[in-house]
């Protein structure tokens, strides 16, 4: 989230698109209800299903899954055509006037530089024209034919209300009502909050779905504003934290990148990450990258990371492909190229696409280790559970460990929520049986390996045996010790910003004190401030809220720097006055920035210096056009899902998203609309949390049995009765479930033809207390978003027919 | 909410009030004190309160855990009740159908309790010791790493290991995640991911 949960109460318009917050985030959604009740806010819901969120909406608009970009590009076109922009915001705080270099082009659905064999772009031309002064050329009038505003107009010209209706199945009149309501927030006094979740990310162009709304919100001047922003509601309790801490193939904590193999030394690595300002006087905060990187290396390898050895640069593995994400990991396993997998609190057999492929991949590995507080399907992929897991254990030669771990009530530590709050929690009971914490288990494995490398040697032991490990109890580091490392400390005396010397061994106050000379160590720069010399700021419990802003600045700790609303400098005009007194967050008092939140800006930088409000960006402004930063194009473009009931109307030659990665066998595993005519989507129910709550008795009683949701029209067409058993199948697999025939799903009319939606909730498996059932991932295709490799769980194709019950079921 | 009030103290007060005042209000005023004493005191008043956050979604609602046992050396504590934390600025004491049922999650029958091992080709898990499990896993990892670690790709130093994968858990704490990160990365492992994609 750019803002925070309570902040939603200030919104005038709330759009829930790509999510179903009333169902999946009920207690957060109460702030939407609060806005409706006390701020006269209007709620817009755009969704293929009439969801729980839609049931309390002021305006519901249906949409075919996988067509959000066409819809939102249509909104952007409406705003520009009808002059519904926050003009000064767009002119001064966005790159609308930036001139793009010659050679950049877009035609027939492809940007300049496409290589069909590689399914990738040469992005050289996706950049600004650089002037003789070394800075980007800007035309403040926004009239230059190659400036971003003119290119945007041209790019979205095709998305007329009529085209939106043809592609999305959204009735033109309803679509226009959505546009009109959103457009009211172009006034500086009014804001719109965009709430989204996996309904946008689970697509082969998920990142660009989000980009489309970023464009709309920038045109409306809603970023950085109270009651505005882009609110990623996120999923698991610490998915934000795991992402912040870089538990991915290509990241270092705090959104730094792991080097690629063509960066053989530190100099070549850091040269590409200097991030010099693209306009005079801009902050471009990533210029400090070297300080964060060196401090990270010092926390990893302590005295073994020195200037002379490039801060132990060689200790880091170097990538040969963009990512070794989980889709690639299990593709390699299926090809027999993986030996084993260590799995912490994760149930990949159920949660990744194409169950048959996952079972094959697991069966080809020598070993898997599952660390989990629950008995999961993954740990039992080899066990026969009738037709729900029809495998022959004698044919599976995988060695499997299931290690019992503690739950939240049995440990202390912090979790980062979607508001970027790090909240500390405390232990309340002893763990049952022989459960151990993940910290103790990982330490136990690591220390045994380290001993073996010390004793017997082996492949490159240096990075293992030299890993800094100065915990009081080596086999059981405490959460407090680890939190202090996340915050960072001085390892040698070093001057702070005022020149005062901080002695060695002191917790730093924040990332501004981090150095590139080896005098500081910090595990994750954006978390700096979470455990200072003053103590554990994550454990703070003061809920006072000055000005009733919904900020509560002394509750827990928010990254970065305890800032609650990102880009809050943009809540003021260029002169430093709030756009709206009612929505005041910060302001310039003639000497410094003051207000309810920590300014996202230099505290004493005067407005007349012309420093842009988006201080992380090299431009200092928000990007309507993203240069070469997105793999699949600087503007979002409508592409159909890889499995779609219809062809791409504006770009009929293009199937799927051109730069999304798909492996050869998975491409061959795609079905078409002739055999699989119905548009399937997967989703969650309020009574369940993924596969966890089927182990909790009350939840298992509340939603005991798997089902499939279809319209009355489709039920009639296929002879399916309410509560009857159906078989649903795709090119990759088949499942059985009971049919829920509902008015909540209606056929969409796309390009004059009906498209039937089949909804499949995802909470059942063969373990736990509910009835056994199938997960929609028995059916889903293995294809990932071009930028994030997030699987396309929200839009694929199936067929459906009435069937007989599974052998163990009562009809 | 500036004033730091001990919720536990408040509840104890309320419990005492229930035993005395409301019994009186119900017309038991004239009965013997022994009768009043026989009424069971409010159970939550005896419990230890611990602040925590709901482990499910990323709204991260505040919860209060009520447990028996005062965490002294020989007392094994157990959570008996969970409710929303009214001081929490987001959920203000409310919980959803998932959070309201957390107690059943904590005490689920299908929780793992002991390390289990399944030998290749067999049809069941067997209970093993932690020492056996950790030593065997470390051996399996080292064997694979020593066999498949790539130090150089032609003349480039790459120091990578891509034949064993690691998945982090997005319900673990930041502190767990950091320890996992540092150990996994020190091995040169690249096949590393978490639930952010799903």
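Residue numbers (the working numbering), protein chains in the order written: chain A, 1 to 811; chain B, 812 to 1009.
Idealized CB from N, CA, C, for every residue including glycine.
Test: residue i CB closer than 8 Å to a CB of chain A
i                       : result
residue 986 of chain B  : yes
residue 946 of chain B  : yes
residue 889 of chain B  : yes
residue 883 of chain B  : no
residue 855 of chain B  : no
residue 1011 of chain B : Outside the shown range of chain B (812 to 1009) lies residue 1011 of chain B, about which nothing can therefore be said.
residue 990 of chain B  : yes
residue 1009 of chain B : yes
Exposure label - residue i; buried when at least 16 CB within 10 Å
i                      : result
residue 719 of chain A : exposed
residue 619 of chain A : buried
residue 638 of chain A : buried
residue 362 of chain A : buried
residue 582 of chain A : exposed
residue 115 of chain A : exposed
residue 267 of chain A : exposed
residue 722 of chain A : exposed
residue 808 of chain A : exposed
For residue i, the nearest candidate out of the options (CA to CA)
i                      : options                       : result
residue 227 of chain A : A:444, A:1 and A:310          : A:1
residue 944 of chain B : B:968, B:926, B:933 and B:953 : B:926
residue 836 of chain A : A:58, A:143, A:169 and A:46   : This structure leaves residue 836 of chain A out entirely; chain A is present only between 1 and 811.
residue 411 of chain A : B:903, B:985, B:977 and B:998 : B:985
residue 748 of chain A : A:304, A:710 and A:732        : A:710
residue 281 of chain A : A:592, A:785, A:406 and A:615 : A:615
residue 75 of chain A  : A:131, A:54 and A:152         : A:152
residue 906 of chain B : A:23, A:94 and A:251          : A:23
residue 8 of chain A   : A:541, A:135 and A:233        : A:233
residue 750 of chain A : A:30, A:21, A:54 and A:64     : A:64
residue 67 of chain A  : A:739, A:490 and A:204        : A:204
residue 575 of chain A : A:592, A:565 and A:564        : A:592
residue 323 of chain A : A:275, A:300 and A:260        : A:260
residue 62 of chain A  : A:155, A:143 and A:170        : A:170
Chain A residues whose Cβ lies nearer than 9 Å to that of residue i
i                      : result
residue 928 of chain B : 399, 400, 401 and 402
Proximal residues to residue i (C-beta, below 6 Å), its chain only, five neighbours per side dropped
i                      : result
residue 959 of chain B : 974
residue 636 of chain A : 69, 208, 211 and 212
residue 369 of chain A : 342 and 401
residue 898 of chain B : none
residue 867 of chain B : 909
Contacting residues, own chain, Cβ-Cβ under 7 Å from residue i (five flanking each side not counted)
i                      : result
residue 188 of chain A : 86, 221, 579 and 580
residue 963 of chain B : 969
residue 176 of chain A : 161
beta-carbon residue i near the ligand SAM non-hydrogen atom, thresh 7 Å
i                      : result
residue 442 of chain A : Inclusion of the ligand SAM in the displayed structure is not the case, the ligand content being empty and no account of it being possible.
Per-residue contacts from residue i into chain B (C-beta, under 7 Å)
i                      : result
residue 768 of chain A : 921
residue 464 of chain A : 997 and 998
residue 5 of chain A   : 870 and 901
Test: residue i CB closer than 8 Å to a CB of chain B
i                      : result
residue 790 of chain A : yes
residue 270 of chain A : no
residue 372 of chain A : yes
residue 354 of chain A : no
residue 208 of chain A : no
residue 796 of chain A : no
residue 781 of chain A : no
residue 361 of chain A : no
residue 382 of chain A : yes
residue 697 of chain A : yes
residue 543 of chain A : yes
Chain-order list of residues whose beta-carbon lies under 8 Å from that of residue i (same chain, five-residue window excluded)
i                      : result
residue 105 of chain A : 111, 112 and 125
residue 935 of chain B : 929
residue 182 of chain A : 13, 15, 44, 75, 79, 192, 216 and 220
is_contact[residue i, chain C] using C-beta, thresh 8 Å
i                     : result
residue 42 of chain A : Checking the listed chains, one finds no chain C in this structure; the protein chains it contains are A and B.
Contact set between residue i and chain B, taken where Cβ atoms lie within less than 8 Å
i                      : result
residue 236 of chain A : 867, 868, 869, 981, 982 and 1006
Listed by chain order, chain A residues near residue i by CB distance under 7 Å
i                      : result
residue 937 of chain B : Those do not exist, as residue 937 of chain B stays about 11 Å from chain A at its closest Cβ, beyond 7 Å.
Interface partners of residue i on chain B, CB under 9 Å
i                      : result
residue 435 of chain A : 922, 923, 924 and 925
residue 415 of chain A : 864, 866, 869, 871, 982, 983, 984 and 985
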